[in-house]
Structures are given as C-alpha cells and as structure tokens.
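Just so we're aligned, residue 4 is where the sequence shown starts under my numbering, counting upward by one.
Below is one structure, written out as structure tokens, with a few remarks after it.
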Amino acid sequence: MQGKLMKKTVSVLLFCLLITALFSQTAKKDAYTLWKNGSYAEAIEICLGEINDKPDNLDSYVVLSWSLIDNGQYKEAEYWSTKGRTVSRYDPRLVEVLAEAQFYLGNNEKSLETFQEYISLATSSSDRFGLAYYFMGEIYVRQAKYNHADIAFSQAVMMKPERDYWWTRLGYAREMAGEYKSAANAYDQALTLNPGRSEAKTGRTRVLQHLQ
Numbered sequence: 004m005q006g007k008l009m010k011k012t013v014s015v016l017l018f019c020l021l022i023t024a025l026f027s028q029t030a031k032k033d034a035y036t037l038w039k040n041g042s043y044a045e046a047i048e049i050c051l052g053e054i055n056d057k058p059d060n061l062d063s064y065v066v067l068s069w070s071l072i073d074n075g076q077y078k079e080a081e082y083w084s085t086k087g088r089t090v091s092r093y094d095p096r097l098v099e100v101l102a103e104a105q106f107y108l109g110n111n112e113k114s115l116e117t118f119q120e121y122i123s124l125a126t127s128s129s130d131r132f133g134l135a136y137y138f139m140g141e142i143y144v145r146q147a148k149y150n151h152a153d154i155a156f157s158q159a160v161m162m163k164p165e166r167d168y169w170w171t172r173l174g175y176a177r178e179m180a181g182e183y184k185s186a187a188n189a190y191d192q193a194l195t196l197n198p199g200r201s202e203a204k205t206g207r208t209r210v211l212q213h214l215q
C-alpha cells in the first residue's frame with residue numbers, strides 16, 4: 004500500500020514539474036513573439052518577471068534587451084544587457100545588443116569596440132552580423148572617417164544586399180570620401196531596390212554633378 008502511495012506521489016510531482024517546465028517555455032516564447040510582433044512593453048514585462056523568478060535566464064535578458072532597444076529605452080537596454088553578461092559574458096547576442104545601446108547613447112568608441120568584440124565572437128551567418136557592420140559604418144560617418152565607413156558599409160551590404168538604406172549610406176560615405184563614381188554605383192543600387200528612396204535620389208544627383 005505504501006509503495007503504491009509513494010509511486011502515486013512521485014507521479015504527481017513529476018507531472019507538476021512537467022507542467023511548470025512547459026509553462027516556462029511558453030512564457031519565453033510569448034515574450035519573443037510579442038517582441039517580434041512589436042509589442043515591446045508587454046515583452047519587457049514578461050522578461051522582467053522571468054528574470055525575477057530565474058536570475059540566470061539568459062534568453063530573457065536577450066529578448067528584454069532587444070525589446071528595450073526597439074522601445075527606445077537605450078539606457079535600460081545598456082543596463083540589462085550588461086547585467087545579462089554577468090550570466091554569460093561572451094554570449095554574442097548580448098554583446099551585439101549592448102553595442103547597439105551604446106551607439107544610440109552616443110558612446111561611439113565604446114560601441115565600436117563592443118561591435119568589434121561581437122564580430123570576433125559571432126559567425127558570419129549570424130542574423131545580426133551585417134547589422135553590426137552597418138552600425139560600425141554609421142559610427143565612422145559620425146567620426147568623419149569616410150573610408151572606414153565605406154569598408155564597413157560594404158561589408159554590411161555584402162551580408163544583406165537587399166537593404167536599400169544601407170546602399171544609400173554606402174553611397175553617402177563614398178561621396179564624402181570623394182569617390183563619386185563608386186558613390187553613384189551605390190546610389191544606383193539603392194534606387195534599383197527602392198525607387199522611392201529620396202536620400203539616394205538626391206545623393207545620386209549630387210555625385211553626377213561632380214562627374215560631369
């Protein structure tokens with residue numbers, strides 16, 4: 004009798020643990036889905052709850068930081084991505100999102116250094132690899148290092164050739180460096196992808212005047 008009771012008790016405990024695990028996985032998925040669907044505030048709330056329950060929940064720090072970035076809360080994103088790195092210092096996702104937060108806060112040198120760290124940690128097939136090069140290009144534009152920006156933007160469009168805005172920014176970097184022919188080529192590519200891209204239209208007009 005006691006043996007049967009013990010087995011029943013163990014079965015109930017295992018069932019409860021399974022339900023708890025499934026609930027936890029669903030909560031994570033909900034936060035990620037909410038972020039993907041643009042419901043950033045809700046995703047933030049869920050992730051904060053997850054972290055409160057389980058402070059070493061790495062995925063929660065990642066989705067929280069992405070949501071904070073997209074919600075324009077850059078200082079908070081910097082804080083939580085840094086805190087997440089105490090759980091896993093070299094997680095590429097946290098390194099990249101920290102670099103983004105630093106970029107939006109205007110910390111150019113820190114951001115550049117962190118993006119370079121991300122590139123050293125991630126693989127070229129990573130979703131945000133091209134994005135990292137794009138942000139590096141923008142930092143170099145801020146610093147008026149246009150040849151450096153050319154290299155970074157060129158890497159970015161090689162990774163994501165469908166990004167017309169990135170081609171536009173590549174054109175601008177080349178224009179500022181005095182490379183008018185290659186700037187025109189970049190602007191042309193941007194307009195091929197998106198004929199309505201006004202910055203590419205005006206940029207192309209400017210560089211063609213230099214080529215006449």
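A virtual CB, placed ideally from N, CA and C, is assigned to each residue, including glycine.
Fair warning: this is a prediction, and the values are worked out from it, not measured in the lab.
Whole angstroms are fine: how far does the CA of residue j sit from the CA of residue i?
{"i": "residue 110", "j": "residue 34", "result": "29 Å"}
{"i": "residue 162", "j": "residue 132", "result": "8 Å"}
{"i": "residue 56", "j": "residue 80", "result": "20 Å"}
{"i": "residue 71", "j": "residue 43", "result": "7 Å"}
{"i": "residue 53", "j": "residue 122", "result": "29 Å"}
{"i": "residue 63", "j": "residue 112", "result": "27 Å"}
{"i": "residue 135", "j": "residue 108", "result": "16 Å"}
{"i": "residue 29", "j": "residue 83", "result": "Bear in mind that the predicted position of residue 29 carries a pLDDT of just 46, short of 50, making it unreliable; the figure below should be weighed with that in mind. About 22 Å."}
{"i": "residue 177", "j": "residue 213", "result": "13 Å"}
{"i": "residue 130", "j": "residue 96", "result": "10 Å"}
{"i": "residue 50", "j": "residue 126", "result": "26 Å"}
{"i": "residue 45", "j": "residue 37", "result": "7 Å"}
{"i": "residue 67", "j": "residue 98", "result": "14 Å"}
{"i": "residue 117", "j": "residue 106", "result": "10 Å"}
{"i": "residue 119", "j": "residue 208", "result": "34 Å"}
{"i": "residue 226", "j": "residue 40", "result": "Outside the displayed range of the chain (4 to 215) lies residue 226, so it cannot be described from this structure."}
{"i": "residue 206", "j": "residue 191", "result": "10 Å"}
{"i": "residue 141", "j": "residue 168", "result": "12 Å"}
{"i": "residue 143", "j": "residue 78", "result": "22 Å"}
{"i": "residue 102", "j": "residue 204", "result": "31 Å"}
{"i": "residue 48", "j": "residue 69", "result": "13 Å"}
{"i": "residue 73", "j": "residue 104", "result": "10 Å"}
{"i": "residue 201", "j": "residue 89", "result": "44 Å"}
{"i": "residue 87", "j": "residue 65", "result": "8 Å"}
Looking at the unbroken alpha helix (DSSP H) that takes in residue i, where does it start and where does it end?
{"i": "residue 62", "result": "61-73"}
{"i": "residue 89", "result": "Run containing residue 89: none; DSSP gives neither H nor E here."}
{"i": "residue 188", "result": "183-196"}
{"i": "residue 199", "result": "Segment: none, residue 199 is in no alpha helix (DSSP H) and carries neither H nor E."}
{"i": "residue 163", "result": "First-last for residue 163: undefined, no H or E at that position."}
{"i": "residue 123", "result": "111-124"}
{"i": "residue 55", "result": "43-56"}
{"i": "residue 176", "result": "167-179"}
If you check the beta carbons only, do residue i and residue j fall under 8 Å apart?
{"i": "residue 183", "j": "residue 160", "result": "no"}
{"i": "residue 194", "j": "residue 165", "result": "no"}
{"i": "residue 149", "j": "residue 187", "result": "no"}
{"i": "residue 115", "j": "residue 94", "result": "no"}
{"i": "residue 170", "j": "residue 189", "result": "yes"}
Should residue i be counted as a contact of the ligand SAH given a C-beta to heavy atom distance under 7 Å?
{"i": "residue 93", "result": "The ligand SAH is not among the ligands present in this structure, which contains no ligands whatsoever."}
Use the C-beta contact count for residue i: other C-beta atoms within 10 angstroms, 16 or more gives buried, fewer gives exposed.
{"i": "residue 76", "result": "buried"}
{"i": "residue 92", "result": "exposed"}
{"i": "residue 199", "result": "exposed"}
{"i": "residue 22", "result": "Unreliable positioning characterises residue 22 in this predicted model, as indicated by a pLDDT of 47, which lies under 50. The coordinate reading is nonetheless provided below. It counts as exposed."}
{"i": "residue 59", "result": "exposed"}
Original post:
Counting only runs that start and end within the stretch 129-159, where is the alpha helix (DSSP H) found for 4 or more residues in a row?
Top reply: 132-145
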